[in-house]
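*Asks:* Protein chains in written order, with the working numbering: chain X, 243 to 436; chain C, 12 to 302. Note that beta-carbon positions come from the ideal geometry of N, C-alpha and C, so glycine has one too.
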Amino acid sequence: MIRIPNTILLGTAAALVLVPGLPLPTNGQTSSQDAAVVKDFESRVTQYLELRRKEAGTHPRPTNSPEKIIESQQDLALKVKGFRSDAKQGDIFTAEIAEYFRRQIAATLGGPQGHKIRASLRHAEPVHGLSLQVNQPYPQGIPLQSTPPTLLLNLPTLPKELEYRIIGHNLVLHDLAPNIIVDFFTNAIPSTKE
Amino acid sequence: MQRRTYALLLALLLRWCAWAQEANLRLPLEPRSVRFAVIGDSGTGEHAQYEVAERMELYRQKVHFDFVIMLGDNIYGGHRAHDYKKKFELPYHTLLDAGVKFYASLGNHDDPDERLYKPFNMGGQRYYTFNKGDAQFFVLDSNYMDPTQLSWVEENLQKSKAKWKIAYFHHPLYSNGRTHGPDLDLRTRLRPLFQEYGVNAVFSGHEHVYERVRPEDSIYYFILGNSGKLMTHDFRSSEGMEKGFDTDQSFMLVEIADDKLYFQTISRRGQTIDYGSVDRHTQSDSVSTIH
Chain X
243 MIRIPNTILL GTAAALVLVP GLPLPTNGQT SSQDAAVVKD FESRVTQYLE
293 LRRKEAGTHP RPTNSPEKII ESQQDLALKV KGFRSDAKQG DIFTAEIAEY
343 FRRQIAATLG GPQGHKIRAS LRHAEPVHGL SLQVNQPYPQ GIPLQSTPPT
393 LLLNLPTLPK ELEYRIIGHN LVLHDLAPNI IVDFFTNAIP STKE
Chain C
12 MQRRTYALLL ALLLRWCAWA QEANLRLPLE PRSVRFAVIG DSGTGEHAQY
62 EVAERMELYR QKVHFDFVIM LGDNIYGGHR AHDYKKKFEL PYHTLLDAGV
112 KFYASLGNHD DPDERLYKPF NMGGQRYYTF NKGDAQFFVL DSNYMDPTQL
162 SWVEENLQKS KAKWKIAYFH HPLYSNGRTH GPDLDLRTRL RPLFQEYGVN
212 AVFSGHEHVY ERVRPEDSIY YFILGNSGKL MTHDFRSSEG MEKGFDTDQS
262 FMLVEIADDK LYFQTISRRG QTIDYGSVDR HTQSDSVSTI H
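1) Using a Cβ-Cβ distance under 8 Å, would X/Gly410 count as near chain C?
2) Please identify, using Cβ separations under 7 Å, the residues of the stretch 83-100 of chain C that lie next to chain X, in order along the chain.
3) Confirm the yes/no value for this check: CB of C/Gly56, any heavy atom of the ligand PLP, distance under 7 Å.
4) At what residue ranges does the stretch 127-212 of chain C contain a whole run of the beta strand (DSSP E), taking only runs of 3 or more?
5) Are the CB atoms of C/Glu62 and C/Arg198 nearer to each other than 8 Å?
6) Assess contact between the stretch 320-334 of chain X and the stretch 353-364 of chain X, defined as three or more Cβ pairs (one per stretch) separated by less than 8 Å. Is contact present?
7) Listed in chain order, which residues of the stretch 351-373 of chain X have Cβ atoms closer than 7 Å to some Cβ of chain C?
8) Helix, strand or coil, according to DSSP, for X/Pro265 in the structure here?
9) Determine the DSSP secondary structure at X/Ala348, reduced to helix, strand or coil.
10) Measure from the C-beta of C/Met156 to each C-beta in chain X and report whether the shortest distance is under 8 Å.
11) Inspect the CB distances between the stretch 143-157 of chain C and the stretch 35-53 of chain C and report whether three or more fall short of 8 Å.
12) When you compare the CB of C/Thr159 with every CB in chain X, is at least one pair closer than 8 Å?
13) Do C/Thr140 and C/Phe149 have their CB atoms nearer than 8 Å?
14) Does the beta-carbon of C/Tyr17 have 16 or more other beta-carbons within 10 angstroms, so that it is buried, or is it exposed?
15) Strictly by DSSP, which residues pair up with C/Gly255?
16) Nearest to C/Ala7 by alpha carbon, out of C/Gly281, C/Leu40, C/Leu184?
17) Confirm, please, whether the CB-CB distance from C/Leu151 to C/Ser186 is below 8 Å.
18) Specify the secondary structure class of C/Asp52 as computed by DSSP and reduced to three states.
19) Output yes or no for whether 8 Å exceeds the beta carbon distance between X/His411 and X/Ala430.
20) Check whether the stretch 165-174 of chain C touches the stretch 216-230 of chain C, counting contact only when three or more Cβ pairs, one atom from each stretch, lie closer than 8 Å.
21) Chain X beta carbons: is any one of them nearer than 8 Å to that of C/Ser53?
22) Which residues, in chain order, does the stretch 298-309 of chain X contribute to contact with chain D at a C-beta distance below 9 Å?
23) Please list, in chain order, all residues of the same chain as C/Gly56 whose beta carbon is under 6 Å from its beta carbon, the five residues on each side excluded.
24) Once DSSP output is grouped into helix, strand and coil, what is the label at X/Ala361?
25) Once the 5 residues before and after C/Gln206 are set aside, which same chain residues still bring their CB inside 6 Å of it?
26) Would you list, in chain order, the members of the stretch 125-147 of chain C that have their beta-carbon closer than 7 Å to a beta-carbon of chain X?
27) Ignore the nearest five residues each way along the sequence and tell me which others in C/His191's own chain have a CB closer than 7 Å to its CB.
28) Just how far apart, CA to CA, sit C/Glu165 and C/Phe76?
29) So the candidates are X/Leu293, X/Ser273, X/Pro420, X/Leu318; which of them puts its Cα closest to the Cα of X/Tyr342?
30) Name, going along the chain, the residues of the stretch 312-346 of chain X whose beta-carbon falls closer than 9 Å to a beta-carbon of chain C.
31) Figure out for me which residue from X/Leu372, X/Leu318, X/Asp333 has the closest Cα to the Cα of X/Glu284.
32) Based on Cα-Cα distance, which residue from X/His365, X/Gln275, X/Val287 lies nearest to X/Ile423?
33) What is the DSSP secondary structure of X/Phe335, counted as helix, strand or coil?
34) Under 8 Å, Cβ to Cβ, is there at least one residue of chain X near C/Arg46?
35) Starting from C/Gln275, follow its DSSP beta bridges and name the residues at the other end.
36) How big is the Cα-Cα spacing for C/Asp270 and C/Tyr232?
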């Protein structure tokens, strides 16, 4: 008997409700406008990553030397800053894309898993008060807040080199190899209603 | 004369310590068994971490474990070359010199670039799997459990032919710790997979205590987040806890022999704070016991 992985079954079931990488249905209908926004986001991400790979390279092979790991990260970061010296907040999370993300996140937090997601966020050593800047490194020594899996299921899936990071109420697009904040937008995580 | 007496007393004391160590051992040390140590939230670089490491070395000489699993927060604070030395290479140098391998998972205080550090044996990946004898280990990155990783977990658990399936990652699915508590959203995603594909034991850190949780779906959950950090008197009272320890640092020894997993948890000062054995369950047979 062929066993179908649960994640595939879940994914198929979710296709009727929530599909990672596709917009949440609004009032029972998938908005083609949202699909276009997601496509735009994915294309901006791809464009950034292709350029980064071409101009700056990728992370090194595993090594015994922490010095080499650190040097490589700093070297990559320098090159990224060089080829996108004019980068600014909103280049990837445009106003439309940020708005779409805010709606997705609010809908996920307002859904059946919402209380669990919020509990996970609270228990994961939330990071507050960091001043965010595009092209700047994610500061060393500051814990990384884990990103709840259900939230990730309802956001466009990123290539392995990139990740979403929650910092306070902000959502950050983080490039792992150079440890750079590629972009971010504010008020991504709505405050809990008292 | 006086010097000779001191030397004799010292020799007797060392012998007594060795004897006490031996007497304290709760593992059967069966031939061809899989033996390993467990540490979590270890990388502080402080004195207590070094003391735990020394205690581990004492036990290695008897148990001959040849690998250590790391439950995350391997390097706290900065990640300069000096930090890798002070918080990993120096405390565990006797184990490393003896050829003991370390297999790390990433915690929320770790830089994801630790995956590139060869002594952590992550092969450049944030999540990975490896086999030792009858056991397959699934090392996950609970900081970022995205759909790609979830699919990887399911595919790899499904195709595993290992007798023992052991998962480990930083954030606990169950916890009676006051500081963090369980990661409920992570539990929603992982528990069904563990249940479906017959995971036997799960190890996590994050909470700076030791806890053995009452088995859920015949799966044993251990928290060991106090091999460096410690949060004293940090438990909520709960019926879900089978054993808790929050007054000193600790590490675990595990031995897998045929259908049994034996464990012994030892404090920094050498006190055995928990021990027992777990019977292997399959998807159809769900009997597990602690003796």
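*Replies:* Taking the structure as given:
1) No - not a single Cβ of chain C is within 8 Å of the one on X/Gly410.
2) Answer set for the stretch 83-100 of chain C: Gly88, Gly89, His90, Arg91, Ala92, Tyr95.
3) Within the structure as shown, the ligand PLP is missing, as the structure has no ligands at all.
4) 139-143, 146-150, 175-179
5) No; because the gap between Cβ atoms is not below 8 Å, this pair is not in contact.
6) no
7) For the stretch 351-373 of chain X, the set of positions with a beta-carbon nearer than 7 Å to some beta-carbon of chain C reads Gln355, Lys358, Ile359, Ala361, Ser362, His365, Ala366, Glu367 in chain order.
8) At X/Pro265, the pLDDT of 45 sits below 50, so the modelled position is not reliable and the matter cannot be decided from this model.
9) Helix at X/Ala348.
10) yes
11) yes
12) So, interface residue.
13) yes
14) exposed
15) C/Glu222
16) The shown model of chain C, from 12 to 302, leaves out residue 7 of chain C, and the question about it has no answer.
17) no
18) coil
19) Going by C-beta atoms, X/His411 is nearer than 8 Å to X/Ala430.
20) no
21) Chain X has no Cβ within less than 8 Å of the Cβ of C/Ser53.
22) Looking at the structure shown, chain D is missing, and the protein chains on hand are X and C.
23) Lys97, Lys98
24) helix
25) Around C/Gln206: Asp228.
26) Leu127, Tyr128, Lys129, Pro130, Gly134, Gly135
27) So the list reads His217, Glu218, once near-sequence residues are dropped.
28) 29 Å
29) X/Ser273
30) Ile312, Ser314, Gln315
31) Of the listed residues, the one whose Cα sits closest to X/Glu284 is X/Asp333.
32) Taking only the C-alpha atoms, the option nearest X/Ile423 is X/Val287.
33) coil
34) no
35) C/Leu264, C/Tyr286
36) 18 Å
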